[in-house]
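In order, the protein sequence lines correspond to chains A and B. Be aware that the first sequence starts at 8, since it is given in the numbering used here, and climbs by one per residue. Be aware that the second sequence starts at 8, since it is given in the numbering used here, and climbs by one per residue.
Number of protein chains: 2
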Amino acid sequence: MVRPTPTKPSFRSRFRQWLGRTFTSTVAETLGAHRIYPPPTAIPRADAPAARRWGFDDTRFVWDRSGAPRLQGNRYPLCGVALPALTKFARDVLGFELSAEDRHVPLAEPHAPERRSDPALERALEQIVGDRMFTDGPTRVRHGHGHTASEIYTVNYGRLARAPDIVVMPESTEEVAAIVRTAAHHEATCIPFGGGTSVTGALQCHDVESRIIISIDLARMSRVRWIDPVDAVACIQAGAVGRVIAEQLAEHGFTLGHEPDSIEFSTLGGWVATRASGMKRNRYGNIEQVVLQADGVTAAGEVGAFTGVPRTSHGIDPETLWFGSEGTLGVITEAKVRLHRLPEVQRYGSIAFPDFAAGVGFLYALTQHGDVPASVRLVDNDQLAFAQALKPAPRRRDLPLKWLQQQVLQRWHGFDLSEVSAATVVYEGSQELVERQQKTVRAIAEQFGGIDGGSSRGADGYRLTFAIAYIRDYMLEHWVWGESFETSVSWRNAMPMIAAVKQAIRDRHAELGLPGRPFVTSRISQIYPEGVCTYFYVGFVYKQVEDPSAAWHALEGAAREAMLTHGAAVSHHHGIGQTRTPWLHRAEDDGRTTLRRKLKQAVDPHDIFGVGNQGLSERS
Amino acid sequence: MVRPTPTKPSFRSRFRQWLGRTFTSTVAETLGAHRIYPPPTAIPRADAPAARRWGFDDTRFVWDRSGAPRLQGNRYPLCGVALPALTKFARDVLGFELSAEDRHVPLAEPHAPERRSDPALERALEQIVGDRMFTDGPTRVRHGHGHTASEIYTVNYGRLARAPDIVVMPESTEEVAAIVRTAAHHEATCIPFGGGTSVTGALQCHDVESRIIISIDLARMSRVRWIDPVDAVACIQAGAVGRVIAEQLAEHGFTLGHEPDSIEFSTLGGWVATRASGMKRNRYGNIEQVVLQADGVTAAGEVGAFTGVPRTSHGIDPETLWFGSEGTLGVITEAKVRLHRLPEVQRYGSIAFPDFAAGVGFLYALTQHGDVPASVRLVDNDQLAFAQALKPAPRRRDLPLKWLQQQVLQRWHGFDLSEVSAATVVYEGSQELVERQQKTVRAIAEQFGGIDGGSSRGADGYRLTFAIAYIRDYMLEHWVWGESFETSVSWRNAMPMIAAVKQAIRDRHAELGLPGRPFVTSRISQIYPEGVCTYFYVGFVYKQVEDPSAAWHALEGAAREAMLTHGAAVSHHHGIGQTRTPWLHRAEDDGRTTLRRKLKQAVDPHDIFGVGNQGLSERS
């Protein structure tokens, strides 16, 4: 509107005008770049997960010829080395002797529960999915459980009360919708299945369920449908497995940044259904920040959100209910997710603190400062000791250095080695960002007596995550029950809650007269300005315990009482499923429980998605 | 578990141990600090909002003795100075002569629609709220509209078809629950009322509503109940007004950081109900990131979420439905919100770009870089010209400098003054953060031909926000209709959509044969990695137009068609209300509409919250 005085353009002016045109055309070109449609991928047979254990089928702990535990295969840095310290650790901490001769040998084949059949329903399903329908025992068993220790114990040493009667693997949203309509017509019930990594009993079938149970496995809906390099958004099918998504996006220079510990096996749909959280949340957000929108099929039909904009205020958003739905509202079929360019730099760090409180102080000060690295974790002294037990025997020539390091820590820094805690850090981003955050972390750590432990210790800490998951099943085979659970708590309540939970488990262990000593440790795995996410890891000897699963539930119950008393959440990111439903109802007010039931009733009045998580089924 | 070798502690070691204890006790002390309970505050009479205009009652545009428009009072930097350029702007751009003699004089008193009464209901309500119940005409009219130009036009020049019959002001959640129960018992309908600043017709009462309409005004539920300085969380009642919240939190060193343009009058509850967005979202998040949880009263009773933890995975979260509920599900009564320490530094910046595309390129590059200042906005050339029109006449001695500046811009930088666009920036945070972001902004701006416009131009841009809102009603009194709307769009579609909307409005204006010329400008007010939020501002002369409201709807309709075609959202943060419902239904698939209706039906089967926004009432 402001008209320029007509002037003879100078050279500089013409040059600027030319530049202006260049900017404009560059912008138009950049913003017009084409979408990428990656080819479909299939998971190679060699990468198949184990049926009744955690992890890949080719990887497990075995007894080394030297008489020490060793992780088979070559998938992880820990693989192939004898870990004599692990047996010593079990002896010292649990008061139990791990032995190759004293194994609790699992069943050769799982006992599949009785299958109910409905030929008319099966014919109708076959019309939809063809030969992608399975009714064999092992497939049914695999679809009838997740990865709680109780479930793994049951499928290895006992028998599931009930499992899906039919497993189908649809290849499109239309097929999912047809399956759901068919199930409704034949009065069957459906349970969506992703990676099968639930740790809340969310896949358990009820023995009182009289309807045919159809497991809808999304393994064949696992494509990255498109990547938009302009808007940094991708559309990914719900059955895509975390590690495959990461590989496919990396090929095009992108990352989701969502890295739960289960990333090797869990799926995008499962993440949404459980409200998952990844290790690098500080940089990339929790799943509700990662997923811009999720689409799916409910009993009432397909629901797709308005697409392709960064944010809307479109009234009540029904799709937000997918988050935390745990299979009770329908099948999540695909999602649009936020991408990030692969970071220029990734670095690790570690810091030793004189004790746990000093470590917590450091975490608190860091969150209040605000420039928090992608991941920061803090382990307590017991967990630090456990990590030490997962190291190979030191080479003789390294012993003097190790001794020297300990002397420096104790004599120079005055650390009591039975009190020390340790933080590990992952930095991701530009060179500038990473260096700045390293500086910040160093400065704040120093204020709390922290000592730099070097980047290799940090990297080790994170790399252990995946290998460590295999230990649970190894221990289970050697009469040691291992389980973990997570919670969320305010800064104010964090330390008292952690102490109370540990004490409660020790006390209950003594009350129950269980053999040996309990192992209880905690790790702060996520930090927020308002508080933390804490994991607890519990181990106990179950040899000659009549009902180890009941013993575990008694220990967990004691822990949850302590958590409730200290205002901690029932779950930070694993969900409620079935094992945690009673605790959810105790933690929240009736109004909320009632409203959740009303919503379920509205979306799925005939309880077609009748798995019963969160108490959302009359049969549960 | 790792036992230290007993050693005689050195001095350094003892010193470290002492330090360790100090850290530990400091941490315990810090994490144990008490909650703050601020005293209740009341909004002084002098700060009352105007009844039928935007803004404070003591502030409005008037004709200066010099014959130019002037903003009365002393609340804003713009107040008290004559703005002769504004009349010139209207003449040049709209082709219309603003004149003190040619006013469209509003009604002296608003026409209140007929009131329905139910003595039994009124007695029951009186039992609950005592004398905090109102049935007078002006109060009823004020509670029967928001701030669309159509509504303001109607209350000033026409008559609302319907308004609330009773206005109640509860003082507690219990009172709200009692009111809702009473309404249900007497088959009345309830409409929650916060700041009354809706711009989507979300407060309009339906003329076909045969039930008694109760407006539940939350003005008396406006306390900051507590501030937790440890966890940086506050509990605030839903009726608290933005500017009052900001003042109260600032006294204790905190800020919400949520600053919608309506912050002077809009309330926390209204922000949740509409899914609001604040200017400084890049730093503080949208309302769903600001609010950790919202509690309220539905037709089914009170709903309070699990409190006091940073995050949960507690299954389906019914409270997420409060976001975007727009009064259709119940009354939001209070919320726990995330606080931030007041920033160490706040600075402004401005940048001139050769054209709009270069400015968009800058915004895109900045979001992909990632270190984005608290607020970054981009105005197009027409809006820049409008901002110029809101400046006082330059002093004669400044004229040569102004001329020189223009010469430099045109001759040296080669800018075409009819193409220039401008970005304004707010930096907030630590000194270090702000300086780093300034460096980043400068470097990226340069790549797109940007020229630093200085911080005072930036500050002016933001300060104008509040004063500029008064112009709409001044113009309305002088036969010029002004309205704005916002949308959300991907980067890919941003520029084509903006161009198409502008063209559509110009074309429709011509088709309708409206007098003068239309004024259409746009501003990018929010930037995301995935796209932008864009505002459009439209002005047109309505003198001798039979039904100006219908003319506006025709213009808006043309704009919305263009938005739909280009994949833009129906709303980024103002919501759907009633005026946008038809467009929402066109933009989204039937599954989503159906599911939203089912949810409404589940929570409020008797449609007690029957305002009908989003088409969620049979009466709507």
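For glycine and all other residues, C-beta sits at the position ideal for the given N, C-alpha and C.
Handout entry: Proximity test, Cβ basis, 8 Å: E537(A) and chain B
Key = yes
Problem - Buried versus exposed, by CB contacts within 10 Å (16 or more), P350(A) - result: buried
Practice task
Locate the beta strand (DSSP E) running through S495(B), then write down its first and last residues.
Solution key: V487 to S497
Exercise for the section: Examine chain B for any beta-carbon lying closer than 8 Å to the beta-carbon of D324(A), and answer yes or no. Expected result: yes
Handout entry: For W233(A), the nearest candidate out of T33(A), E439(A), Q244(A) and S578(A) (CA to CA)
Key = Q244(A)
Practice task
Kindly provide the ranges of any alpha helix (DSSP H) runs that are 4 or more residues long and lie completely inside the segment 46 to 122 of chain B, ordered along the chain.
Solution key: 91 to 96
Practice task
Return the residues of the segment 306 to 324 of chain A that lie within a Cβ-Cβ distance of less than 7 Å from chain B, sorted by chain order.
Solution key: A307, G308, E309, V310, G311, A312, F313, G315, V316, P317, R318, T319, S320, H321, G322, I323 and D324
Exercise for the section: Run down chain A in chain order and give the residues with a C-beta less than 7 Å from the C-beta of A594(B). Expected result: F313
Exercise for the section: Taking the CB atoms as reference points, tell me whether G208(B) and G277(B) lie closer together than 8 Å. Expected result: no
Exercise for the section: For T222(B), I'd like the list of residues in its chain whose CB is within less than 6 Å of its CB, leaving aside the five on either flank, ordered along the chain. Expected result: Sequence inspection shows Ser at residue 222(B); the Thr mentioned does not correspond to that position. Closer than 6 Å at the Cβ level, and outside the excluded window around S222(B), lie H150, P171, V174, I198 and F200.
Handout entry: Closer than 8 Å at the beta carbon, the chain A residues around A575(B)
Key = V316
Exercise for the section: Pick helix, strand or coil for G144(A), following the three-state DSSP scheme. Expected result: helix
Problem - Of the listed residues V441(A), W486(A) and D423(A), nearest to D378(B) (C-alpha basis) - result: V441(A)
Problem - Span separating the alpha-carbon of V298(A) from that of L416(A) - result: 45 Å
Problem - Counterpart residues of Y355(A) in DSSP-defined beta bridges - result: V433(A)
Practice task
Report the three-state DSSP secondary structure of Y544(B) (helix, strand or coil).
Solution key: strand
Problem - contact_flag[the segment 524 to 533 of chain B, the segment 384 to 400 of chain B] where n(CB pairs < 8 Å) is 3 or more - result: yes
Exercise for the section: Consider the Cβ of S179(A): report whether some Cβ of chain B lies at a distance smaller than 8 Å. Expected result: no
Practice task
Measure the C-alpha to C-alpha separation of E625(A) and G619(A) and round it to an integer number of angstroms.
Solution key: 8 Å
Practice task
Measure the C-alpha to C-alpha separation of I304(A) and L336(A) and round it to an integer number of angstroms.
Solution key: Contrary to the premise, residue 304(A) reads as Val rather than Ile in this sequence. The straight-line gap from Cα to Cα measures roughly 9 Å.
Exercise for the section: Would you please verify whether the beta carbon of S332(B) is less than 8 Å from any beta carbon of chain A? Expected result: yes
Handout entry: Same chain, Cβ closer than 6 Å to Y85(A), five either side skipped, listed in chain order
Key = Just to set this straight, residue 85(A) is Leu in the shown sequence, not Tyr. Here the set comprises L78 and A474.
Practice task
Determine contact between the segment 494 to 501 of chain B and the segment 546 to 564 of chain B, defined as no fewer than three beta-carbon pairs at a distance below 8 Å.
Solution key: no
Problem - Any chain B beta carbon closer than 8 Å to K605(A) - result: yes
Problem - Euclidean distance between Cα positions of P325(B) and G315(B) - result: 17 Å
Exercise for the section: To the nearest angstrom, report how far apart A185(B) and A283(A) are at their CA atoms. Expected result: 38 Å
Practice task
Please confirm if the segment 513 to 526 of chain A is in contact with the segment 441 to 459 of chain A, defined as three or more CB-CB distances below 8 Å between the two stretches.
Solution key: no
Practice task
Taking only heavy atoms of the ligand FMN into account, decide whether any of them is closer than 7 Å to the Cβ of G564(A).
Solution key: Of the ligands one can find in the structure shown there are none, so the ligand FMN has no counterpart to examine.
Problem - Cβ-Cβ separation, P361(A) to Q444(A) (assumed contact under 8 Å), whole Å - result: About 23 Å; that fails the 8 Å criterion.
Exercise for the section: At 7 Å on the CB atoms, spell out the chain B contacts of D238(A), in chain order. Expected result: S497, W498, R499, E537 and G538
Problem - chain A within 8 Å of S578(B), Cβ atoms only - result: yes
Handout entry: Contact set between the segment 193 to 219 of chain B and chain A, restricted to residues whose Cβ is under 7 Å from the partner
Key = none
Handout entry: Sequence ranges, alpha helix (DSSP H) only - wholly within the segment 142 to 194 of chain A, length at least 4
Key = 144 to 149, 156 to 164 and 180 to 192
Exercise for the section: Assign S491(A) to one of two classes, buried (16 or more other C-beta atoms within 10 Å of its C-beta) or exposed (fewer than that). Expected result: buried
Problem - Reference I270(B); option with closest CA among E254(B), S462(B), E258(B) and H259(B) - result: E254(B)
Handout entry: Where D459(B) falls: helix, strand or coil (DSSP)
Key = strand
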